[in-house]
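Each residue of the sequence shown is one higher than the one before, starting from 505 at the first, in my numbering. Before any comments, here is the structure.
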Amino acid sequence: MDLSKKNIINILKKSQNKNFEILNINIFGNEILFDLSTNNPTLQSKKNIENFISNIIKENFEKKLEFKFKFTVPKQEISPNQIKGKPIEGIKNVIAIASGKGGVGKSTVTSNIAISLIKMGFKVGILDADIYGPSIPIMFDVENARPLSVKELDKNKMKPVESYGVKILSIGFFTKPDQAVIWRGPMASKALNQMIFDASWGELDFLLVDLPPGTGDIHLSILQALPVTGSIIVSTPQNIALADARKGIAMFNQKSINVPVLGLIENMSFFIPDELPENKYYIFGKDGAKNLSHDMNVNFLGEVPIVQSIRESSDFGHPASLQQNSKISLTFEKITRNFITELLKRNKELPPSEILKITTMAGCSEIKNK
Ligand SMILES: Nc1ncnc2c1ncn2[C@@H]1O[C@H](COP(=O)(O)OP(=O)(O)OP(=O)(O)O)[C@@H](O)[C@H]1O
Ligand SMILES: [Mg+2]
Numbered sequence: 505m506d507l508s509k510k511n512i513i514n515i516l517k518k519s520q521n522k523n524f525e526i527l528n529i530n531i532f533g534n535e536i537l538f539d540l541s542t543n544n545p546t547l548q549s550k551k552n553i554e555n556f557i558s559n560i561i562k563e564n565f566e567k568k569l570e571f572k573f574k575f576t577v578p579k580q581e582i583s584p585n586q587i588k589g590k591p592i593e594g595i596k597n598v599i600a601i602a603s604g605k606g607g608v609g610k611s612t613v614t615s616n617i618a619i620s621l622i623k624m625g626f627k628v629g630i631l632d633a634d635i636y637g638p639s640i641p642i643m644f645d646v647e648n649a650r651p652l653s654v655k656e657l658d659k660n661k662m663k664p665v666e667s668y669g670v671k672i673l674s675i676g677f678f679t680k681p682d683q684a685v686i687w688r689g690p691m692a693s694k695a696l697n698q699m700i701f702d703a704s705w706g707e708l709d710f711l712l713v714d715l716p717p718g719t720g721d722i723h724l725s726i727l728q729a730l731p732v733t734g735s736i737i738v739s740t741p742q743n744i745a746l747a748d749a750r751k752g753i754a755m756f757n758q759k760s761i762n763v764p765v766l767g768l769i770e771n772m773s774f775f776i777p778d779e780l781p782e783n784k785y786y787i788f789g790k791d792g793a794k795n796l797s798h799d800m801n802v803n804f805l806g807e808v809p810i811v812q813s814i815r816e817s818s819d820f821g822h823p824a825s826l827q828q829n830s831k832i833s834l835t836f837e838k839i840t841r842n843f844i845t846e847l848l849k850r851n852k853e854l855p856p857s858e859i860l861k862i863t864t865m866a867g868c869s870e871i872k873n874k
């Protein structure tokens with residue numbers, strides 16, 4: 505077969521590898537330059553694509569060939585003009601991570617998605633809004649850090665603490681580790697407002713907001729303060745967790761709140777013991793969150809198994825996704841890609857998010873769009 509652009513394209517098309525698209529191919533003597541686009545910009549995936557193409561081309565052409573690859577990654581797809589409703593200058597997407605039930609893994613999922621996004625080249629911040637049990641500082645090994653004050657346009661601003669490239673602000677930075685956090689409504693809202701608007705976040709592609717469990721005041725405060733682009737719900741497959749996740753989805757879907765739920769993540773889906781890798785135990789039940797997502801017409805972003813190293817790495821302040829090419833980091837990368845796909849759809853199809861205005865009437869909260 506002739507070494508021609510047409511033949512190479514045909515061979516690659518036949519291979520049906522969906523991990524890349526060919527933008528262009530140039531042949532200079534024995535050297536072939538591939539211009540490719542891929543939805544998975546991680547180093548490992550690019551290497552896999554390079555190996556795949558080199559092998560298949562070598563098999564088909566007898567010549568001694570050299571290859572060069574250029575990748576275009578989806579970052580370009582998230583261009584500022586697709587992102588609407590962003591009154592906080594510099595922040596393109598605010599993503600709320602919620603659950604309903606406590607302890608299902610919101611903070612774990614938040615920190616691992618943050619690391620996956622960083623690995624993909626995005627600028628990421630986390631706002632730990634869990635005033636009752638802020639855990640992000642521990643998960644990022646910055647428990648004893650305190651945000652510095654910086655001058656920005658003659659105003660004093662809080663500089664987020666940075667760890668593994670992620671900018672972090674947490675109520676935990678303003679309380680002593682052993683102090684019970686008994687912030688209530690107005691105090692909590694004020695602190696959150698400061699962390700949002702009196703902070704020097706700089707340019708961010710994503711601000712992930714790790715919410716406390718439940719569907720209460722703090723959630724309303726956040727929705728009041730921030731134009732939330734979309735939310736992610738985390739649940740275990742267990743019935744009581746699912747019941748609360750359902751409430752969480754319903755809260756975001758309320759007409760007066762109307763924050764798109766970008767998807768549901770099932771955490772602690774199953775357990776596979778190292779010594780019995782063929783055994784899979786569904787400790788909290790099977791497919792519960794997957795079924796719920798069907799039921800409520802919410803995208804299913806993926807499942808995360810119970811893995812000892814996820815727990816350990818959280819406790820040691822080194823999120824599991826920092827491990828290169830481990831099963832668990834690949835799992836979180838896949839979930840993150842699914843989430844980005846949904847976000848891009850959302851930004852294309854829906855109008856900008858609006859900040860909510862909450863007026864208290866006769867002791868009950870009524871929510872209105874501004
Ligand atoms: N997939 C997993 N495998 C093993 N351990 C996990 C997994 N997900 C979370 N954990 C562990 O479970 C505990 C609870 O997780 P996490 O703190 O992320 O939950 P949360 O929903 O943020 O809790 P809270 O409601 O208190 O904020 C942590 O000790 C965490 O390390
Ligand atoms: Mg948490």
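Beta carbons are placed, not taken as given, at the ideal position from N, Cα and C, and that holds for glycine.
query                                                                                                                                                                              : result
Run through DSSP, which three-state label would S667 get?                                                                                                                          : strand
Look up F575 in the DSSP assignment and give the residues it is bridged to.                                                                                                        : L540
Cα separation between S603 and N511?                                                                                                                                               : 51 Å
How many angstroms separate the CA atom of M800 from the CA atom of R750?                                                                                                          : 8 Å
Cα separation between F820 and M643?                                                                                                                                               : 7 Å
Taking only three categories from DSSP, how would you classify E581?                                                                                                               : Confidence at E581 is low in this model, with a pLDDT of 43, below 50, so its placement is unreliable and the value that follows should be read with caution. Correct three-state label for E581: helix.
When DSSP labels each residue in this structure, what does M772 get in the three-state scheme?                                                                                     : strand
Around the Cβ of N648, are there at least 16 other Cβ atoms within 10 angstroms (buried) or fewer (exposed)?                                                                       : exposed
Please report the straight-line C-alpha distance between G792 and L854, rounded to a whole angstrom.                                                                               : 29 Å
Any chance the CB of W784 is under 6 Å from a heavy atom of ligand 2?                                                                                                              : The question names Trp, but residue 784 in the sequence shown is Lys. No, since every heavy atom of ligand 2 falls outside the 6 Å radius drawn around the Cβ of K784.
Could you check the C-alpha separation between N757 and P764 for me, to the nearest Å?                                                                                             : 7 Å
Return the CA-CA distance between M505 and L569, expressed in angstroms with no decimal places.                                                                                    : 14 Å
Would you say the beta carbon of G609 comes nearer than 6 Å to a heavy atom of ligand 1?                                                                                           : yes
Mark N514 as exposed unless 16 or more other C-beta atoms lie within 10 angstroms of its C-beta, in which case mark it buried.                                                     : exposed
Below 8 Å CB to CB, which residues in the same chain sit around I587 once its five sequence neighbours on both sides are set aside?                                                : With a pLDDT of only 33 at I587, under the threshold of 50, the placement of this residue in the model should not be trusted; the figure read from the coordinates follows. Answer for I587: K596, N597, T733 and N851, listed in chain order.
Could you tell me if A633 is buried or exposed, where buried requires 16 or more neighbouring beta carbons within 10 angstroms of its beta carbon?                                 : buried
Note down, one range per segment and in chain order, each beta strand (DSSP E) of at least 3 residues found wholly within the segment 610-656.                                     : 628-632 and 652-656
Considering Cα atoms alone, identify which of L507, L780, D748 and A600 is closest to E496.                                                                                        : Residue 496 lies beyond the stretch modelled for the chain, which goes from 505 to 874, so this question has no answer here.
So, with DSSP's three-state summary, where would you put K659?                                                                                                                     : strand
Flag this pair as yes or no: are the beta carbons of G752 and I737 separated by less than 7 Å?                                                                                     : yes
Which residue's Cα is closest to the Cα of N795: T740, G637 and S825?                                                                                                              : T740
With hydrogens ignored, establish whether the beta-carbon of D634 is closer than 6 Å to any heavy atom of ligand 2.                                                                : yes
Tell me whether S674 counts as near ligand 2, meaning its Cβ is closer than 6 Å to at least one heavy atom of that ligand.                                                         : no
Whole angstroms are fine: how far does the CA of I844 sit from the CA of F804?                                                                                                     : 13 Å
Measuring only the C-alpha atoms, how far is L652 from K610?                                                                                                                       : 27 Å
For D714, list the residues DSSP reports as bridge partners.                                                                                                                       : I601 and D632
Might you give, ordered along the chain, the residues of its own chain that have their beta carbon closer than 6 Å to the beta carbon of D748, omitting 5 neighbours on each side? : G604 and K605
Alpha carbon to alpha carbon, how far is G629 from P641? Give it in angstroms, no decimals.                                                                                        : 13 Å
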